[in-house]
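> First the structure, then my questions, so here it is.
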Amino acid sequence: MRITASGSLPGDDFRGALTAMAELLPDVTPLPELPARGVGSQFIGRALGLIDGLGFDLQPAGWRLTHHPSADQRRAAAQWRRDLDDAEELLQGFDGTCKVAVAGPWSLAASVERPMGDRLLADHGARRELAQALAAAVGFLRDDIARRLPEATVLIQIDEPSLVAVGAGRVPTASGFSRHRRVDGPELVAALAPLAAGAWLHCCAPGAWLDVARRAGFAGAAVDSRLADLDDLAAWLDDGSALVLGVVDTAATMPQGVDDLVREALRVLRALQVTPGDGLLLGTACGLAGWRLRDVPGQLEALSRAAALTDEALGRG
């Protein structure tokens with residue numbers, strides 16, 4: 001059984017992190033996300049650095065839509081260029097899967113402010129424009145990486161931690177005294193569908209969201225094994241879609257042993273009566289940026305051993 005990780009890591013050494021990921025996760029290698037480098041490398045700023053045609057600046061309350069790109073947005077874009085240059089150099093001849101994670105349109109809309117205040121989520125036109133600009137940016141990113149790494153398979157992972165909250169009307173307004181109106185399923189799907197072809201959707205929040213991923217057309221989903229609903233997982237797998245089962249509890253911020261990981265994987269997979277195949281992977285529930293750097297390699301090595309033992313326990317290998 002193959003393994004992977006979400007991509008968010010501690011530290012600020014991109015070249016070192018990418019080299020380590022290529023060694024520890026050679027089949028599905030995440031392009032490292034390093035939030036410790038600053039706002040342009042953090043979840044929201046990193047995605048905004050990809051977008052062309054819309055401007056954003058950084059305010060005390062967070063990122064805000066503006067008429068022109070700010071110095072902060074330009075620095076985020078420059079960081080992408082440096083990272084991709086390094087990846088092109090370090091991954092020459094790489095013929096595995098390079099997985100690149102980007103914040104999704106609903107998490108961006110729930111976080112970025114309008115020029116006049118409150119979130120873009122409150123403005124139908126603005127959130128639609130943001131989703132369209134993001135889809136264009138991700139398409140360009142995919143093509144750019146494919147050009148730089150011609151032997152690799154490029155896999156986009158759309159990270160949507162706010163998806164469930166947006167759909168349930170649980171995103172607070174700027175005042176904190178109210179909540180933004182819920183977004184209906186068809187609109188959730190419409191914003192995600194242009195990003196879905198051949199991509200994975202990742203959400204580490206509790207709640208039902210796999211049906212949105214299915215309707216949008218995502219090829220795979222990455223779930224936290226401790227939060228996932230077994231019926232939803234069964235329906236997802238019945239469609240033949242790829243699944244990353246996040247058995248490493250990243251919220252614990254401490255290493256988990258091989259036996260614990262195997263136990264968690266079998267708890268879910270035996271209940272689903274799953275036979276491991278190429279579309280089933282073990283991974284991390286979410287990112288590892290909050291972990292101690294020295295703990296990460298050992299945890300990923302334990303995940304690799306757990307995947308082999310899970311295969312054996314389920315009758316494969």
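Numbering (this note's numbering), first residue to last: 1 to 317. Just so you know, even glycine gets a beta-carbon here, dropped at the ideal spot from N, CA and C. In this text, all values refer to a predicted model and were calculated from it rather than measured experimentally.
Where A234 and D72 are concerned, what is the direct C-alpha to C-alpha distance, given to the nearest angstrom?
43 Å
> Taking the C-alpha atoms as reference points, what is the distance between Q42 and L48?
Here the alpha carbons of L48 and Q42 stand approximately 10 Å from one another.
> Report the rounded CA-to-CA distance for W63 versus L293, giving the unit in angstroms.
28 Å
> Is it buried or exposed, A109, if we count other Cβ atoms within 10 angstroms and call 16 or more buried?
By the neighbour-count criterion, in which a residue is buried when 16 or more other Cβ atoms sit within 10 angstroms of its Cβ, A109 is buried.
> How about the segment 143-153 and the segment 89-106: do they share at least three Cβ pairs that are nearer than 8 Å?
yes
> Taking the alpha helix (DSSP H) that H124 belongs to, which residues open and close that run?
H124 to R148
> Below 8 Å on the Cβ atoms is my contact criterion, and I expect M1 with A219 to pass it. Report the Cβ-Cβ distance as a whole number of Å.
About 18 Å separates the two Cβ atoms, so there is no contact after all.
> Does the beta-carbon of Q157 have 16 or more other beta-carbons within 10 angstroms, so that it is buried, or is it exposed?
Around the beta carbon of Q157, a 10 Å sphere encloses 16 or more other beta carbons of the protein chains shown; the residue is thus reported as buried.
> Give me the Cα-Cα distance between A208 and L269, rounded to the nearest whole angstrom.
19 Å
> Excluding the 5 residues flanking L237 on each side, which residues of the same chain have their C-beta closer than 7 Å to its C-beta?
The beta carbon of L237 lies closer than 7 Å to those of L243, L272 and V274 in the same chain, with the five residues before and after it left out.
> Distance, Cα to Cα, T284 vs P30?
12 Å
> Hey, quick one: how far does the alpha helix (DSSP H) through I44 stretch, first residue to last?
F43 to L48
> Would you mind sorting T250 into buried or exposed? The rule is 16 or more other CB atoms within 10 Å of its CB.
By the 10 Å Cβ count, T250 comes out buried.
> Could you compute how far the alpha carbon of R226 sits from the alpha carbon of H67?
42 Å
> Helix, strand or coil for E301? Go by DSSP, reduced to three states.
Three-state result, E301: helix.
> Applying the 10 Å Cβ sphere with the 16-neighbour rule, what's the burial state of S327?
There is no way to answer for residue 327, as the model of the chain reaches only from 1 to 317.
> Spatial neighbours of V189 within its chain, please: C-beta separation below 7 Å, excluding the five flanking residues on both sides.
V212, R215 and A216
> If we ignore side chains and look at the alpha-carbon of each, how far apart do V28 and F177 end up?
Their backbone Cα atoms lie some 43 Å apart in a straight line.
> May I have the straight-line CA-CA distance separating A22 from A101, to the nearest angstrom?
16 Å
> Could you name the residues that DSSP lists as bridge partners for F56?
L65
> What I want to know is whether the C-beta of A242 ends up closer than 6 Å to one or more non-hydrogen atoms of the ligand ZN.
In the structure shown, the ligand ZN is absent, as is every other ligand, since no ligand is present at all.
> Only counting the same chain, and skipping five residues up and downstream in sequence, which positions put a Cβ closer than 6 Å to that of A10?
It should be noted that the sequence gives Pro, not Ala, for residue 10. The beta carbon of P10 sits closer than 6 Å to the beta carbons of A289, W291 and L293 from its chain, once the five residues preceding and following it are set aside; these are given in chain order.
> Span of the beta strand (DSSP E) holding P30?
V28 to P30
> Indicate the three-state DSSP secondary structure (helix, strand or coil) for Q157 in the structure shown.
strand
> Going by CA-CA distance only, name the one from L281, A133, V296 and G169 that's closest to P255.
V296
> Please list, in chain order, all residues of the same chain as G298 whose beta carbon is under 7 Å from its beta carbon, the five residues on each side excluded.
Excluding positions up to five away in sequence, the list reads P255.
> In three-state terms, what does DSSP make of S107?
helix
> Would you list, in sequence order, the uninterrupted alpha helix (DSSP H) runs of no fewer than 4 residues that lie entirely inside the segment 156-190?
163-168
> Does the contact criterion of 3 or more C-beta pairs under 8 Å hold for the segment 124-141 versus the segment 45-60?
yes
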